[in-house]
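If you read the sequence shown in the working numbering, its first letter stands for residue 32, the second for the next number, and so on. First comes the structure, then the notes that go with it.
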Amino acid sequence: MFRCMLSLAEQRWQCSVRCMSSAARRKRALRSAFQVLEQPLQPIHQHVYEANLRNSIACRNKYIELSEKVRKGGGENAIARHTQRNRKLMVRERLRLLLDDEDFLELSPFAGLGLPYGDIPSAGCLTGVGRINGLWCMFIANDATVKGGTAYPITVKKQLRAQEIAIQNRLPCVYLVDSGGAFLPLQSEIFPDKNQGGRTFYNEAIMSAMKIAQKLLTILKVSVVCGSCTAGGAYIPTMAEEAVMVHRIGTIFLGGPPLVKAATGEEVTAEDLGGARLHAEVSGCVDHFAWEEKEAYDYTRNIVSTLNFQLPEEEDEERKRKAEEQPLYSSEELLGLAPKSYNYSLDVKMVISRLTDGSRFQEFKALYGTTLITGFAKIHGHLVGIVANDGELSYPATLKGSHFVQLCDQRDIPLLFLQNTAPTTALTLSTTQAEMNTNHLKAQGSMMSAVACASVPKITVVIGGCHGADSFAMCGRAFDPNFLFLWPNARVSITAPGHAGSLLPPDSEQVEEEKKTQEEDKLNRRLKEESSAFFSSSRLWDDGVILPQDTRKVLRDCLDIIKQQQYQMSTEKLQPPLLRI
């Protein structure tokens, strides 16, 4: 009796907590009167600004050139074969039918370009986050015009990163499967290791059974079979919570008709072996049978509508958007503030004033550790803590950074890192310098720990250099930010191009000066090539290259995506008794 009363009391308490949290969502945020950053362009900035602008225009042209290359997929012949002979829709046409609009956040579009095994545009698949019935969802869509949908090592890496973002931000995941399985000549880089092909299926299982804060939050996985699912690709739809399959287009089998004939001598059509009708009526592998692709995406939209989310009313969102303050300065000016090199960096507050609502910024410890700017601001109404490089990350700056990161973690405020680190570490030339460097290392380690242990969402934008250990303290890729983007001018390397001498051993009598110079020049040329933003993005060291003027919009989408998980109406589920049969 006592246990029943206790259970009833707990249920009532949980209900009241849910009601309180629901009411809290309807309440307005606290008022703020953050100071306006007066950061107009001055005549003294003109020389540096114009040099940066010329470099940004060149980078933007490169960005446009690569974007056009990626949109062509596997080329004209592959597109004709895909659309005319196979009667399939292009991957971006599929997304237009699936998503509410074309305004989605595409991730790593330049992945797969310029790799040792050739160009794989978009790594053979499109990934990103878009709205379905108003709900942000992760999508992973194979592009069968690229190598027939075959999975390369970079394809697997891109899919795993998309799943990681979905897990981190609690996003429903929709797969548009049109895959030819793994590229067998590179099987050693696709199959055996922990973070290779099999991890995709492991993540699918984990996403269905994640337990967070004693509440079961199920991440929906929907699979639309709109092409071939051969070999490993066959497990994607069978492990999804709901699967839709298109008649005469979709097939699921481990080995296709040629393999059946080689093994048994029997001739069988792809439709009879693993078509939509077979799997809908006989095997039960799929849950919804669609006569055509458009019907399949209607099914998918309806499936997403069954999720237990309570989103804000559209009128409230529209009213909120209209009430937002725009920055006082044009976002186009960011092109001239994107440094062509570290020596061309302008005051980072000029960048902040072109990103935040009303160009307002509440600075934290303004007079201490001035080479790191920290403070609070709003971006499209979202409160964020900003950590931005404004010079070398000194000993006081790292202490200040540690303090601020922990403060944001305590208050559950997302962190935005604007990274432009020093090109190389300071040399140790004296005992005094050695002591200073030792203190700096300890403080740097403290900031790394604070960033690594902070449980709040983190977004990193590399606006200049990403070099050495300072990049770790500024939440580089290894420190697991929710999203990480590069500006086209960004450089990512252990040390900046032109500073290769810091990596070479000190002078000695045995080493000829001419030989050392040649080695240094060779290393600098390699650093220049391998540190570019496009080289980085092609290898998926980030989540994409974004134009400076689009940064505010991208940050808005990221913050909206991060915030969405609080709208899930989840309840604690009692564990059923173990039934032994």
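All residues carry an ideal CB built from backbone N, CA and C; glycine is no exception.
Coarse secondary structure for M505, derived from DSSP in three states:
Coil, per DSSP.
Is there a Cβ of chain B sitting closer than 7 Å to that of A109, yes or no?
Among the chains in the structure shown there is no chain B, since it carries only a single protein chain.
Pull up the DSSP beta-bridge partners for A408, would you.
V415
Grab the span of the alpha helix (DSSP H) containing C316 for me, first residue to last.
Premise fails: C316 is in no alpha helix (DSSP H) and is neither H nor E.
Counting Cβ pairs closer than 8 Å, one from the region 495-508 and one from the region 544-561, do we hit at least three?
Contact fails: fewer than three Cβ-Cβ distances are below 8 Å.
Among F65, H76, R112 and W167, nearest to L338 - alpha-carbon criterion
W167
Mapping the DSSP letters down to three states, classify L449 as helix, strand or coil.
strand
Would V275 pass as a contact of T331 if the rule is Cβ separation under 7 Å?
yes
Within the continuous beta strand (DSSP E) that includes E273, where are the two ends?
E273 to V277
Please go through the same chain and pick out, in chain order, the residues whose beta-carbon is closer than 7 Å to the beta-carbon of H76, but skip the five residues on each side of it.
L377
When the Cα atoms are used, what is the spatial distance from N468 to G499?
Here the alpha carbon of N468 sits roughly 15 Å from the alpha carbon of G499.
Buried or exposed: where does Y399 fall if 16 or more other Cβ atoms within 10 Å of its Cβ makes it buried?
exposed
Can you tell me the Cα-Cα spacing of D443 and G212, whole angstroms?
Taking the straight line from one Cα to the other gives about 42 Å.
Are the CB atoms of L136 and D588 within a distance shorter than 7 Å?
yes
Taking only three categories from DSSP, how would you classify F392?
coil
Which residues share a DSSP beta bridge with R162?
W167
Environment of A369 [buried if 16+ CB atoms lie within 10 Å]
buried
Alpha-carbon to alpha-carbon, P288 and T295:
10 Å
Quick one: what's got a C-beta closer than 7 Å to T249's C-beta in the same chain, skipping five residues either side?
Confidence at T249 is low in this model, with a pLDDT of 44, below 50, so the placement of that residue is unreliable and no value is reported for it.
Proximity below 7 Å, CB of A327 to CB of F320
no
CB contact flag (D209, G179, <7 Å)
No, Cβ-Cβ distance for D209 and G179 is not below 7 Å.
Whole angstroms are fine: how far does the CA of G229 sit from the CA of N83?
45 Å
Residue nearest to P216 in terms of C-alpha spacing, selected from L130, F392 and A182:
The shortest Cα separation from P216 among L130, F392 and A182 belongs to A182.
Assess contact between the region 96-110 and the region 64-76, defined as three or more Cβ pairs (one per stretch) separated by less than 8 Å. Is contact present?
Short answer: they don't touch.
Would you mind working out which of L290, P528, S98 and R123 sits nearest G143, comparing C-alpha positions?
Selected option, being the one with the closest Cα: S98.
Residue from K489, G476 and D501 whose Cα sits closest to the Cα of G422
D501
Hey, how far is the Cα of Q341 from the Cα of F516?
30 Å
Beta-carbon proximity check, S425 vs S477, cutoff 7 Å:
no
So, with DSSP's three-state summary, where would you put S567?
helix
Limits of the beta strand (DSSP E) - the one that H498 falls within:
G496 to H498
In the structure shown, what three-state DSSP assignment does A182 receive?
strand
Exposure of W518, with buried meaning 16 or more beta-carbon neighbours within 10 Å:
With 16 or more other Cβ atoms within 10 Å, it is buried.
Hey, could you find the ends of the alpha helix (DSSP H) E561 is sitting in?
E544 to E561
Rounded straight-line distance, which links the Cα of S563 to that of S139:
15 Å
Cβ neighbour criterion (16 or more within 10 Å) applied to M270:
buried
Note down, in chain order, each residue of its chain lying with its Cβ closer than 6 Å to the Cβ of L191, except the 5 sequence neighbours on either side.
R230
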